[in-house]
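Colleague: If you read the sequence shown in my numbering, its first letter stands for residue 114, the second for the next number, and so on. Cβ coordinates follow ideal geometry from the N, Cα and C atoms, glycine included.
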Amino acid sequence: MKKIVILGAGLQGGIVATDLCDKELSPGERDLTICDYDFAKAKEVAGRLGIKGEQCDVSDHAALVALIKGADVVINCVQYNWNVDIMKACLEVKAHYIDLGGLFHVTRQQFELHEDFKKAGLTAVLGMGSTPGTMNVMAGYAASQLDTVEEAHAICACGDFTKTQAVIGIPYSLLTVMEEHTMEPWILKEGKLQPVPAGSGKEMIPFSEPIGLAEAFYCIHSEPAQFARSFKDKGIKEASFKLSLPKEFEERVRFLADLGFSSEEPIAVGGQEVNPLQTMVNVVNRYLERYDGSQDGELNDSDVLRAVVKGTKDGVEKEIIVESVIRTSERWGFMAGALDTGVPPSIVAQMICDGQITERGALAGEQCVPPIPYFRELAKREMPVYCIEKTPLSGNDFGQLHEAMNKPK
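1) According to DSSP, what are the bridge partners of residue 245?
2) My understanding is that residue 222 touches residue 288, with C-beta atoms under 8 Å, so please give their C-beta distance in whole angstroms.
3) Does the distance from the C-beta atom of residue 199 to that of residue 270 stay below 8 Å?
4) Using DSSP's beta-bridge definition, name the partner residues of residue 287.
5) Mapping DSSP to helix, strand and coil, what is residue 503?
6) Could you check which residue in 183, 381 and 338 has the C-alpha nearest to that of residue 114?
7) How far does the beta strand (DSSP E) with residue 167 in it reach, from first residue to last?
8) Quick check on DSSP: helix, strand or coil for residue 150?
9) Taking 7 Å as the line, does the beta carbon of residue 487 fall inside it for any heavy atom of the ligand NAP?
10) CB residue 403 to CB residue 268, shorter than 8 Å?
11) Would you decide whether residue 279 is buried or exposed? Buried here means 16 or more other CB atoms lie within 10 Å of its CB.
12) In chain order, what are the residue ranges of uninterrupted alpha helix (DSSP H) at least 4 long that sit wholly in the region 340 to 420?
13) Once you ignore the five residues that flank residue 485 on each side, which residues in its own chain have a CB closer than 8 Å to its CB?
14) Could you have a look at residue 195 and say whether DSSP puts it in helix, strand or coil?
15) For residue 473, collect the residues of the same chain with a Cβ closer than 7 Å to its Cβ; drop the 5 residues on either side in sequence, then sort them by chain order.
16) So, under 8 Å CB-CB, residue 456 and residue 251 are touching, yes? Tell me the CB distance rounded to an integer number of Å.
17) Of the choices 281, 370, 304 and 272, whose alpha-carbon is the least far from that of residue 329?
18) My assumption, with CB atoms under 8 Å, is that residue 440 sits in contact with residue 459. Please give the rounded CB distance.
19) By Cβ distance, which residues of its chain are closer than 6 Å to residue 505, with the 5 residues on each side in sequence left out?
20) Enumerated in chain order, which unbroken segments of the alpha helix (DSSP H) with a length of 4 residues or greater are wholly contained in the region 279 to 332?
21) Sort 373, 398, 399 and 400 by Cα distance to residue 388 and report the nearest one.
22) Taking its Cβ as the centre, do 16 or more other Cβ atoms sit within 10 Å of residue 392, making it buried, or is it exposed?
23) Looking only at its own chain, which residues have a Cβ that is under 6 Å from the Cβ of residue 118, when we skip the five neighbours before and after it?
24) Compare the Cα-Cα distances from residue 424 to each of 331, 502 and 240 and report the closest residue.
25) Let me confirm a value: residue 515 is counted as buried when at least 16 other C-beta atoms fall within 10 Å, else exposed. Which label applies?
26) What residue range is occupied by the uninterrupted beta strand (DSSP E) comprising residue 431?
27) Run through DSSP, which three-state label would residue 131 get?
28) For residue 166, does the count of other Cβ atoms within 10 angstroms reach 16, so buried, or fall short, so exposed?
29) Mind reading off the beta-carbon distance from residue 141 to residue 190? Whole number of angstroms is fine, and I expect it under 8 Å.
30) Between the C-alpha atoms of residue 148 and residue 380, what's the straight-line distance to the nearest angstrom?
31) Does the beta-carbon of residue 357 have 16 or more other beta-carbons within 10 angstroms, so that it is buried, or is it exposed?
32) What residues in its chain sit with their C-beta under 8 Å from that of residue 176, if we drop five residues either side in the sequence?
33) Does the distance from the CB of residue 339 to the CB of residue 240 come in under 8 Å?
34) Once DSSP output is grouped into helix, strand and coil, what is the label at residue 126?
35) Residue 321 and residue 429 look like a contact to me (Cβ under 8 Å); what is the Cβ gap, rounded to whole Å?
36) Determine whether the beta carbon atoms of residue 433 and residue 422 lie at a separation below 8 Å.
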């Protein structure tokens with residue numbers, strides 16, 4: 114019986130555990146343990162699903178090693194700052210590893226452990242949520258259809274149509290949201306990774322329904338670093354990540370960030386030093402815990418994940434778009450933005466345990482996850498994936514078309 118340990122019993126850890134315990138979608142017997150610094154959270158999820166619950170402080174290395182000893186796979190759902198430490202613990206106990214992403218800089222540090230994992234015969238899948246994660250597998254599928262890859266771009270759009278009186282709703286970690294709005298994004302341009310201003314690169318993009326036309330902008334994410342590494346041999350020169358959030362939510366986040374609530378520089382309040390970012394996160398979390406949504410409508414949100422890869426096949430220029438449209442889960446009631454992040458680690462953990470993933474080392478999803486079997490598992494969980502391929506039929510490239518499209522109106 115395979116043993117899987119989930120670190121973190123928050124929203125994402127709870128979804129990972131829910132999927133792993135679903136006998137129809139995830140058949141087979143396995144030994145599951147969910148852990149959290151807050152033991153009450155771990156006990157709640159464990160009790161609901163009939164699995165083991167443990168208290169764990171991942172900053173205590175010895176305790177972490179003791180807890181995960183004997184595990185076949187460790188799924189890391191805690192804040193990304195601990196990714197490297199947890200990976201090293203997995204090396205000690207010889208366990209495969211999966212996380213939800215390292216927000217570019219930490220991901221690059223994690224890749225430095227590639228040879229260590231490879232020598233140990235272990236797989237570490239870095240960034241296996243929605244984006245990074247499913248987005249990478251989609252880009253990997255597109256790249257596999259091409260001889261050369263010139264560009265690879267990840268674009269995520271979120272929409273929330275829930276009828277609610279709440280002041281603010283959070284699609285994922287508020288800490289991550291604030292970092293995405295303030296930290297410098299990195300893109301691959303002319304073959305070199307380089308920073309650009311936060312919030313730059315704004316453009317209106319027509320997404321699939323129900324999102325429709327929405328504004329997207331550069332924000333810091335792991336995909337450019339992953340694509341630059343994964344598609345290097347195919348000649349990649351350009352890579353980026355853009356995000357589109359619901360307009361009202363975006364305005365509220367920008368307002369808080371502009372006021373300085375994204376800063377961790379202490380400020381004196383009543384004779385004490387206060388961290389603005391941590392204070393804001395705790396105030397918002399308290400508000401959400403106290404908010405009574407009994408008069409609200411049913412959850413109704415959507416994510417659209419889009420990978421756009423450009424290159425050539427047999428000397429002909431091609432553009433391949435792979436996209437997934439996710440809605441609020443009918444099966445479990447999870448919001449789309451939580452569903453598409455929490456489910457992928459469960460699928461990939463099962464693929465590792467079942468021997469469907471055999472590549473070893475510290476890898477991105479596009480390097481090791483078999484795309485078609487993975488997409489079929491997503492479809493079982495209400496996340497369909499489709500592909501559009503653009504090929505010029507009047508020549509070998511899109512030059513004439515681009516010229517016609519860009520003439521002034």
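Modeller: Concretely, from the data shown:
1) Against the sequence shown, residue 245 aligns to sequence position 132. Paired residue(s): none; residue 245 is not in a bridge.
2) Locating residue 222 in the sequence shown gives position 109, where the first residue counts as 1. Locating residue 288 in the sequence shown gives position 175, where the first residue counts as 1. Contact doesn't hold; Cβ gap of about 18 Å is too wide.
3) As a working mapping, residue 199 is identified with position 86 in the sequence shown. As a working mapping, residue 270 is identified with position 157 in the sequence shown. No, the pair does not count as a contact, with Cβ atoms beyond the cut-off.
4) To locate residue 287, count along the sequence shown from 1; it is residue 174. Bridge partners of residue 287: none, in fact.
5) Translated into positions along the sequence shown, residue 503 becomes position 390. Three-state DSSP puts residue 503 in a strand.
6) Counting from one through the sequence shown, the residue named residue 114 turns up at place 1. For the residues 183, 381 and 338, the minimum Cα distance to residue 114 belongs to 183.
7) Sequence index remark: in the sequence shown, residue 167 carries index 54 (1-based). Looking at the DSSP string, the run of the beta strand (DSSP E) that includes residue 167 is 165 to 168.
8) Taking the sequence shown and counting its residues from 1, one reaches residue 150 at position 37. The answer is coil: DSSP assigns residue 150 none of H, G, I, E or B.
9) The ligand NAP is absent from the structure shown, which contains no ligand whatsoever.
10) Stepping through the sequence shown from its first residue, residue 403 is reached at position 290. Stepping through the sequence shown from its first residue, residue 268 is reached at position 155. Taking 8 Å as the cut-off, the Cβ atoms of residue 403 and residue 268 do not count as close.
11) For this step, residue 279 is matched to residue 166 along the sequence shown. Exposed, since its Cβ has fewer than 16 Cβ neighbours within 10 Å.
12) Runs found: 360 to 372 and 389 to 403.
13) Locating residue 485 in the sequence shown gives position 372, counting from the first residue. So the list reads 254, once near-sequence residues are dropped.
14) To locate residue 195, count along the sequence shown from 1; it is residue 82. Here residue 195 sits in helix by DSSP.
15) Here residue 473 is taken as the residue at index 360 of the sequence shown, counted from 1. Contacts found: 230, 231, 234, 235 and 236.
16) Locating residue 456 in the sequence shown gives position 343, where the first residue counts as 1. Locating residue 251 in the sequence shown gives position 138, where the first residue counts as 1. Contact flag wrong, Cβ pair sits at about 15 Å.
17) For the purposes of this step, residue 329 is taken as the residue at position 216 of the sequence shown. The shortest C-alpha separation from residue 329 is found at 272.
18) Here residue 440 is taken as the residue at index 327 of the sequence shown, counted from 1. Here residue 459 is taken as the residue at index 346 of the sequence shown, counted from 1. Contact between residue 440 and residue 459 is absent: CB atoms are separated by about 19 Å, not below the 8 Å threshold.
19) Sequence index remark: in the sequence shown, residue 505 carries index 392 (1-based). Around residue 505: 511.
20) Qualifying alpha helix (DSSP H) stretches, in chain order: 287 to 295.
21) Indexing the sequence shown from 1 puts residue 388 at position 275. For the options 373, 398, 399 and 400, the alpha carbon positioned closest to that of residue 388 is the one of 373.
22) On the sequence shown, residue 392 is found 279 positions in, with the first residue counted as 1. Residue 392 sits exposed, since fewer than 16 C-beta atoms from the chains shown fall within 10 Å of its C-beta.
23) Against the sequence shown, residue 118 aligns to sequence position 5. If we look at residue 118 and ignore the five residues flanking it on each side, its Cβ neighbours are 146, 181, 184 and 187.
24) In the sequence shown, residue 424 corresponds to position 311, counting from 1. Looking at the Cα atoms, 502 is the closest of the given residues.
25) As a first step, residue 515 is located in the sequence shown; it is residue number 402 there, counting from the start. Exposed is the label assigned to residue 515, since fewer than 16 other Cβ atoms lie within 10 Å of its Cβ.
26) Taking the first residue of the sequence shown as 1, we reach residue 431 at position 318. Segment 429 to 440, the beta strand (DSSP E) holding residue 431.
27) In the sequence shown, residue 131 corresponds to position 18, counting from 1. If DSSP states are grouped into helix, strand and coil, residue 131 belongs with the helices.
28) Numbered from its first residue, the sequence shown carries residue 166 at position 53. Under this definition residue 166 is a buried residue.
29) If you number the sequence shown from 1, residue 141 lands on position 28. If you number the sequence shown from 1, residue 190 lands on position 77. The Cβ separation is near 21 Å, so there is no contact.
30) Locating residue 148 in the sequence shown gives position 35, where the first residue counts as 1. Locating residue 380 in the sequence shown gives position 267, where the first residue counts as 1. Per the coordinates, the alpha-carbon of residue 148 lies some 34 Å from the alpha-carbon of residue 380.
31) Here residue 357 refers to the residue found at position 244 when the sequence shown is read from its first residue. When all chains shown are included, residue 357 counts as buried.
32) Within the sequence shown, residue 176 is the residue found at index 63, counting from 1. Cβ within range, chain order: 169 and 170.
33) Walking along the sequence shown from the start, residue 339 turns up at place 226. Walking along the sequence shown from the start, residue 240 turns up at place 127. Against a cut-off of 8 Å, the Cβ pair of residue 240 and residue 339 comes out as a contact.
34) Numbered from its first residue, the sequence shown carries residue 126 at position 13. Secondary structure of residue 126 (DSSP, three-state): helix.
35) Looking up residue 321 in the sequence shown gives position 208. Looking up residue 429 in the sequence shown gives position 316. In fact, because the Cβ distance is near 26 Å, the residues do not count as touching under 8 Å.
36) Within the sequence shown, residue 433 is the residue found at index 320, counting from 1. Within the sequence shown, residue 422 is the residue found at index 309, counting from 1. In this structure, residue 433 lies near residue 422, with their beta-carbon atoms less than 8 Å apart.
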